[in-house]
Amino acid sequence: MRKQGKRVGFVGDRPSKLNHSQDLPFFGTPSYKVLLSWFRTLDLDDWTLFNSHTQSELDLVLNFYQSGGVIVALGKTASKTLTQNNISHLKLPHPSPRNRANNNKERLMSTLLDCKNKIYDITVHGKDLYKRQTQENP
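Residue 143, in the working numbering, is where the sequence shown stops; the numbers in between run on with no holes.
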């Protein structure tokens with residue numbers, strides 16, 4: 006499979022106290038290092054990071070989605086916020102090294118590859134498939 010040409014926005018919950026930049030969520034945190042390795046696995050050309058803790062952040066996410074970007078929630082809290090705001094999205098676990106769900110490397114790799122395939126399918130088949138997949142995977 007060739008590199009994903011679709012813009013993908015990853016949405017977290019709120020900034021970490023370790024965040025080095027107000028303008029770039031996760032930057033400088035242990036989670037950022039995890040995300041960078043995930044982006045290599047997902048084979049992405051273009052990705053953006055968001056938080057979802059304020060309405061202005063959610064407006065940015067919605068604009069990104071409406072302009073053709075694919076949205077991926079990072080963790081249950083971000084996913085819940087996106088769902089409450091009617092923003093269709095795929096889901097990954099939160100990238101925190103403290104997240105025990107990430108300890109099972111085989112399951113994590115399977116989850117990442119599944120997300121990669123869904124992003125590719127959305128890129129090829131469009132938003133209708135995207136909505137169908139997000140409904141099938143609550």
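The C-beta atom is built at its ideal place from N, Cα and C for all residues, glycine as well.
When burial is assigned at 16 or more other CB atoms within 10 Å of the CB, is residue i buried or exposed?
{"i": "L129", "result": "Note that residue 129 corresponds to Val in the displayed sequence, not to Leu. Flag for V129 reads exposed."}
{"i": "N56", "result": "buried"}
{"i": "P102", "result": "exposed"}
{"i": "S183", "result": "Not covered by the structure: residue 183. The range shown for the chain is 6 to 143."}
{"i": "I127", "result": "buried"}
{"i": "L63", "result": "buried"}
{"i": "L40", "result": "buried"}
{"i": "L49", "result": "buried"}
Which of helix, strand or coil does DSSP assign to residue i?
{"i": "R12", "result": "strand"}
{"i": "T46", "result": "helix"}
{"i": "D51", "result": "strand"}
{"i": "P143", "result": "Its pLDDT being 49, under 50, P143 is placed unreliably in this model, and the coordinates cannot settle the point."}
So, are the CB atoms of residue i and residue j less than 8 angstroms apart?
{"i": "L95", "j": "K123", "result": "yes"}
{"i": "V75", "j": "V16", "result": "no"}
{"i": "P98", "j": "G80", "result": "yes"}
{"i": "H58", "j": "R112", "result": "no"}
{"i": "L54", "j": "P30", "result": "yes"}
{"i": "I92", "j": "Y125", "result": "no"}
Next on the checklist: Using 8 angstroms as the cut-off, can you tell me whether the stretch 35-45 makes contact with the stretch 83-95, which would need three or more C-beta pairs spanning the two stretches below that distance?
Outcome noted: no
Item to check | Residue ranges of each alpha helix (DSSP H) within the stretch 66-116, 4 or longer | outcome: 81-89
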